[in-house]
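Taking our numbering, I'd label the letters of the sequence shown as residues 144 to 386.
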Amino acid sequence: MRNVLVTGASRGIGAETARLFAENGDNVFINYNHSEKSAFALYNELKEKGYSVNIVKADVSVSVEVGKMFDEIETLCGGIDVLVNNAGIAQTKLFTDITDDDWNRMVATNLNSVFYCCRRAIPYMVHNQFGRIVNISSMWGQVGGSCEVHYSAVKAAVIGLTKGLAMEEGLSGITVNCIAPGVIKTDMTSNLSEDDFNALKDETPTGTLGTPYDVARAVLFLASDNSSFITGQVLGVNGGFVV
Ligand code: NAP
């Protein structure tokens, strides 16, 4: 049974990803930071269904907290075979209104967290000569998004981190890939109005918006044996919005 850590699994894409891995028969660690209630609701739901599931609290933007989370995981099961770096925040602001705090929070949450978690997960993967890392970037990291330049910058950096790490870890049996979701209906996009959603749908070749399940299925694929010859790639899950 593989040990899978999904960061930011209390809500949205992360919660759906944790659910899918549990249904797949993996031993899943649900990480959360603020949303204790929804994280435990997911944990209880999966536990009641008989799945192998654990819950770990950590602010993944803080190195020390990531360290403690991995200490806890390693005590329980040795280490992580599949790491899904999903935790993230978004913010819509004019570039010139972005404060130092906004910028630093964005970098810490969406980029430093990926660095901290990968750095801590990799030695166990190298020891086993097996590992799967899936980082959640964004299509705005591929093409740039107006009024979210700090978000675009860190999501582009996640793509760079993915490619570099894939080069370094290939011979250790570790694949490192990235998913770049398009518009997915979650709390993160709850600031958009129905008119906004309809306009985005019209711009999307499939004529649909994405769901957390669409992204979760792609994560599961990139963590499966079916993708063992795929590394350093960016998979767009966006209905063709960015091609
Ligand atoms: P969401 O519904 O807002 O959920 C965000 C998740 O990240 C929550 O579980 C939250 O946990 C967690 N999180 C945030 N900061 C954290 C921290 N410091 N430590 C631990 N967990 C933290 O967002 P989502 O739409 O599912 O997004 C998930 C990922 O997909 C993000 O990386 C996002 O950038 C990316 N993405 C989303 C879309 C979209 O359209 N929704 C598009 C492209 C990419 P707590 O609430 O427990 O703190």
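Using N, Cα and C, we set each Cβ at its ideal position, and we do this for glycine too.
To the nearest angstrom, report how far apart K306 and C321 are at their CA atoms. Within the sequence shown, residue 306 is the residue found at index 163, counting from 1. Within the sequence shown, residue 321 is the residue found at index 178, counting from 1. The alpha-carbon atoms of K306 and C321 are separated by roughly 9 Å.
Use the C-beta contact count for D368: other C-beta atoms within 10 angstroms, 16 or more gives buried, fewer gives exposed. Looking up residue 368 in the sequence shown gives position 225. Exposed is the call here.
Sufficient close CB pairs (3 or more, under 8 Å) joining the stretch 260-277 to the stretch 225-235: yes
If you drop the 5 nearest sequence neighbours on each side, which residues of the same chain put their C-beta closer than 8 Å to that of K211? Looking up residue 211 in the sequence shown gives position 68. Within the same chain, K211 has close Cβ partners A201.
Which runs of the alpha helix (DSSP H) fall wholly inside the stretch 340-381 and span at least 4 residues, in chain order? 355-365
Among the candidates Y194, Y186, V297, whose CA atom is the shortest distance from the CA of N170? The count along the sequence shown starts at 1 and reaches residue 170 at position 27. It is Y194 whose Cα lies nearest to the Cα of N170.
Going by the CB atoms, is the gap between G353 and V386 shorter than 9 Å? Here the question's residue 386 lines up with position 243 in the sequence shown. Here the question's residue 353 lines up with position 210 in the sequence shown. Not closer than 9 Å, so no.
Nearest to W246 (by Cα), restricted to the options A296, V319, S206, H270: To locate residue 246, count along the sequence shown from 1; it is residue 103. When only C-alpha atoms are compared, the closest one is A296.
Identify the residues that DSSP records as bridge partners of P324: which are they? Here residue 324 corresponds to residue number 181 of the sequence shown, with the count starting at 1. The partner list for P324 (beta bridge, DSSP) reads V380.
Length-filtered (3 minimum) beta strand (DSSP E) runs lying within the stretch 166-210: 170-175, 196-200
For R162, which three-state DSSP category applies? Position 19 of the sequence shown, counting from 1, holds the residue named residue 162. Reduced to three states, the DSSP call for R162 is helix.
Candidates T252, I216, D330, M282: closest to P355 by CA position: In the sequence shown, the residue the question calls residue 355 occupies position 212. Comparing Cα positions, the closest option is D330.
Shorter than 8 Å, the distance from the beta carbon of V171 to the closest heavy atom of the ligand NAP, or not? Stepping through the sequence shown from its first residue, residue 171 is reached at position 28. False, no ligand heavy atom lies under 8 Å from that Cβ.
If you run the structure through DSSP and keep just helix, strand and coil, what is R275? Locating residue 275 in the sequence shown gives position 132, counting from the first residue. Strand at R275.
Is the beta carbon of V377 sitting closer than 9 Å to the one on A323? Locating residue 377 in the sequence shown gives position 234, where the first residue counts as 1. Locating residue 323 in the sequence shown gives position 180, where the first residue counts as 1. In this structure, A323 lies closer than 9 Å to V377 by Cβ.
Spatial neighbours of F238 within its chain, please: CB distance less than 6 Å, with the 5 preceding and 5 following residues excluded, ordered by chain position. Numbered from 1 along the sequence shown, position 95 holds the residue referred to as residue 238. Excluding residues within five positions, the ones whose Cβ falls inside 6 Å are V292.
Using 8 Å for Cβ pairs, my map puts M282 next to F364. What's the rounded Cβ distance? Position 139 of the sequence shown, counted from the first residue, corresponds to residue 282. Position 221 of the sequence shown, counted from the first residue, corresponds to residue 364. Contact doesn't hold; Cβ gap of about 18 Å is too wide.
Cα separation between R162 and F340? Position 19 of the sequence shown holds residue 162. Position 197 of the sequence shown holds residue 340. In a straight line, the C-alpha of R162 is about 26 Å away from that of F340.
Is any heavy atom of the ligand NAP found at a distance shorter than 8 Å from the C-beta of G353? Taking the first residue of the sequence shown as 1, we reach residue 353 at position 210. Proximity of the beta carbon of G353 to the ligand NAP is indicated: a heavy atom of the ligand is located closer than 8 Å.
Short check: CB of M268 to CB of S315, under 9 Å? As a working mapping, residue 268 is identified with position 125 in the sequence shown. As a working mapping, residue 315 is identified with position 172 in the sequence shown. It is a contact, given that the beta carbons lie within the stated cut-off.
Is G151 close to the ligand NAP? I mean its beta-carbon at under 8 Å from any heavy atom of the ligand. Here the question's residue 151 lines up with position 8 in the sequence shown. G151: yes, Cβ under 8 Å from the ligand NAP.
Below 8 Å CB to CB, which residues in the same chain sit around E215 once its five sequence neighbours on both sides are set aside? Position 72 of the sequence shown, counted from the start, is the residue given in the question as residue 215. Hits under 8 Å: V199.
Helix, strand or coil for L237 per DSSP? Here residue 237 refers to the residue found at position 94 of the sequence shown. Note: L237 maps to coil in three-state DSSP.
For D243 and V301, I'd like the C-alpha separation in whole angstroms. As a position in the sequence shown, residue 243 is number 100, starting the count at 1. As a position in the sequence shown, residue 301 is number 158, starting the count at 1. For D243 and V301, the distance between alpha carbons rounds to 20 Å.
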